[in-house]
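Protein chains in written order, with my numbering: chain Y, 1 to 328; chain H, 329 to 614; chain R, 615 to 923.
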């Protein structure tokens, strides 16, 4: 398969997916009991007359049939017009761009940390399956897997920010400091605890999957043969285990972007970190429908990119796809 | 010449241990969860009224979880909140399991465009971060208790539907079902004699493993403030409240209710694992 | 060189509802192998033959219990000694290409065998190239992944892994099924050659014809035990001692072509007496009482109390 067909195929699927998300979101919101006019006006609702209200509804095309409204809305979306955020009083696209940039560093650090540590712990536990090391790692991973994300964040905040006072208690910068004046160290200092929290939560899943995959691999015929050839346990893992492990691990790691995004919503809420996750909560709490819809689209795109990267990684790692694919 | 490496007896004992351990595990988990769910009725409103002289007390013998800023007993509050969260979680998870089973069975048995549509819906659901989907649905149906229940119920069925669909397809293509078809058995007969026995264990384990997710997500929605109203203190709301008192050093307000939540979730996890071990020892972690 | 006596292998498994199951897959097995000879272990599929190989190499899974004695070069094979010997003094030629790492080139995998035997990387590479040449494998084969090899090439690569070692004992596990007849002959000839170099070869197979083609002695495996160990000449010469061996011989197409009726007993509940008792036409009360001991009759070993008649 050439790069061109791959790209076209991927873009086509992305288009279909976004269309599906659009239909889903539109249907959901149009049947919802939330009155868009009320949501827009908010507390001032009592101060406007029914006539004014009618005028707004007409202006927004709310009196039109559903299908026409959907077509209209979709047309706007296709032109890249996501509307204006009511909470931030800015175009939705801009809000998402600035907010995501703030979240991105945290997400990236958390993603790398959880991937590397999860892989390491998973290999250790899988290789020593049944031992005390394995039990401790499993207990740790299972406990974390059933811990509420926001509570772990809360615990770390209590421990490191309130009791030990080594990390800041909130936000992305010290209070009262202009964004332009924030030094890189202050920046990293504020980034540290949210990133670690987010990675700690991601580790559990990757550890458990890696462990299980390694156990499966270690029970395969080729590992049996490697043992028969006199290979030691660590030799087996180094020469065969890792190689056969890395593909599912990569897939999982890219698929974890979805979980990571969800986790960032909660973590940013606890740390009052002004990223995209915090904006998601604000949009929902303050009925900012354009922003919420924009974030839904963006998160779908984010998850899709992760899966596409995993697809791209496959042929690099697996010769059966790389060579077998080009032969057939 | 023969060197006996093992004798039968210790293995026999080991075996009965494992079986017994599994049964004990199930009993213990069910008991623990029942106690939490029923606790509000047993305790009544004791400990929920403010006792101002006993404000902000750290955990002690009298107040195992400490007291809050107006002197309410945190253990009573946590149990009330946890019970509520568990009931909401159970309701939502059961609804989710019903949706998942129905759609999974429909996709697996009817095939064709029904299967295509259901598979497509599942794919769309998986393409969004779970929490974003939860927030979107909870928001769209207007938030509140109903919002949480609907959001949790409508977002947790996908994995189970996939499992049930795969299981149905597998059973459907098996030789004995094909043979039954040829013998002129009605689809209903086949469904009740061949499908149900295969799907019940999957459904049971799937349902129990749904609970922890449902409860965690209920708590998360309440925590960010989109779920239950602050007047009904579910566990997520109690934890969200504790955020306001963090910097004062009253750590127990956040830590203790969270421990209870963690234990409840773990209890469901253990329950699911033990039931799975009993039904299908090969896939379980021994 | 290798002497196995009274070897038993039992597995513990858990069934639905966590009920424990004991599976005895090998019972009171005896076998000897001398340098320079090919001993075929012949038995029906699923009779636990492969596990014999794994037991000798000490690579049985953890839920297996082993009893009995195995001696190699006159010394007991303890788990520790197994670990030291495997891949160096005892080598396995596995069943299929599935025993090679699917994600590593075969060249690197064969080279790795040399390195495990103490060679430097360049030396191992040279030895690999020589071995590949010996087995008519093209130099490009090194760069292939297992899935790219044809059946015949795969066989030769697997034999190469064993030839890379200085092992005195080779165990070939089912090397022939599903292969073109020419490739079968070629593979069997490779084993014969290796025996002529002075190595002992155990050929584990369900194909009695293949066994008779290449082996010096044939051990007949039934329900996890060796019911008879006979010279190859005994088959055509009508000198077979055990009723099962005789039935097997008769089932061959060139003979009577009558299949052996009945099935092997399940390893979950083996009979108390002779394992072949319920299918045997010679069976008497005495057979059902106890397992027949191994007896040396007419220059061969047999487990049948009626073998002398």
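Ideal placement from N, C-alpha and C gives every residue a C-beta, glycine not left out.
- Contact between the stretch 887–904 of chain R and the stretch 807–815 of chain R is absent: fewer than 3 CB-CB pairs across the two stretches fall below 8 Å.
- Using a Cβ distance threshold of 8 Å, residue 489/H and residue 450/H count as a contacting pair.
- Residue 790/R is a Cβ neighbour of residue 821/R, given a cutoff of 8 Å.
- For the pair of segments examined, the stretch 855–865 of chain R was found to touch the stretch 887–906 of chain R: the number of CB pairs separated by less than 8 Å reaches three.
- Residue 233/Y counts as exposed, since fewer than 16 other C-beta atoms from the protein chains shown sit within 10 angstroms of its C-beta.
- Put simply, of 714/R, 692/R, 881/R and 645/R the residue whose alpha carbon is nearest the alpha carbon of residue 226/Y is 714/R.
- DSSP, reduced to helix, strand and coil, places residue 620/R within a strand of the structure shown.
- A direct Cα-to-Cα measurement between residue 655/R and residue 747/R gives close to 30 Å.
- The Cβ atoms of residue 616/R and residue 730/R lie no closer than 8 Å to each other.
- The residues 684, in chain order, have a CB closer than 6 Å to that of residue 691/R in the same chain once the five nearest residues on each side in sequence are set aside.
- When Cβ-Cβ separations below 8 Å define contact, residue 25/Y makes contact with chain H.
- Within chain H, the residues 346, 347, 350, 605, 606 and 609 have their CB atoms less than 7 Å from the CB of residue 632/R, given in chain order.
- In terms of CA proximity to residue 479/H, 461/H leads the group 603/H, 461/H and 492/H.
- Boundaries cannot be given for residue 813/R, as no alpha helix (DSSP H) includes it and DSSP labels it neither H nor E.
- When secondary structure is reduced to three states using DSSP, residue 694/R falls in the helix class.
- DSSP places residue 648/R in the coil class of the three-state scheme, outside both helix and strand.
- Within the stretch 475–500 of chain H, not one residue has a Cβ closer than 8 Å to any Cβ of chain Y.
- Looking at the backbone, the Cα of residue 912/R and that of residue 621/R are separated by about 24 Å.
- Within chain H, the residues placing a beta-carbon under 9 Å from that of residue 17/Y are 451, 452 and 455, ordered along the chain.
- Contact between the stretch 77–96 of chain Y and the stretch 253–265 of chain Y is absent: fewer than three C-beta pairs spanning the two stretches fall below 8 Å.
- With a threshold of 16 other beta carbon atoms within 10 Å, residue 362/H falls short and is exposed.
- Close to residue 222/Y, with beta-carbon spacing below 8 Å, are these residues of chain R in chain order: 712, 713, 714, 715 and 716.
- Bounds of any beta strand (DSSP E) do not take in residue 395/H, whose DSSP letter is neither H nor E.
- Comparing alpha-carbon positions, the option among 771/R, 872/R, 862/R and 901/R lying closest to residue 710/R turns out to be 771/R.
- No Cβ of chain Y is located within less than 8 Å of the beta carbon of residue 409/H.
- The DSSP assignment places 66–78 as complete runs of the alpha helix (DSSP H) inside the stretch 57–100 of chain Y, in order along the chain (cut-off: 4 residues).
- With the criterion set as a beta carbon lying under 9 Å from some beta carbon of chain R, the members of the stretch 206–234 of chain Y are 219, 220, 221, 222, 223, 224, 225, 226, 227, 228, 229, 230, 231 and 232, in sequence order.
- Residues of the stretch 308–324 of chain Y with a C-beta atom less than 9 Å from some C-beta of chain R are 317, 318, 319, 320, 323 and 324, listed in chain order.
- Straight-line spacing of the CA atoms in residue 212/Y and residue 145/Y works out to 15 Å.
- By alpha-carbon distance to residue 189/Y, the top candidate from 53/Y, 106/Y, 140/Y and 16/Y is 106/Y.
- If you check the CB distance, residue 575/H and residue 300/Y do not come in under 8 Å.
- At the C-beta level, residue 103/Y and residue 290/Y stay beyond 8 Å of one another.
- Within the stretch 721–739 of chain R, contact with chain Y at the beta-carbon level (separation under 9 Å) is assigned to 722, 723, 726, 727, 730 and 731.
- Beta-bridge pairing by DSSP links residue 700/R to 704/R.
- For residue 681/R, the enclosing beta strand (DSSP E) covers residues 678–686.
- DSSP places residue 580/H within a helical segment (H, G or I) once states are collapsed to three.
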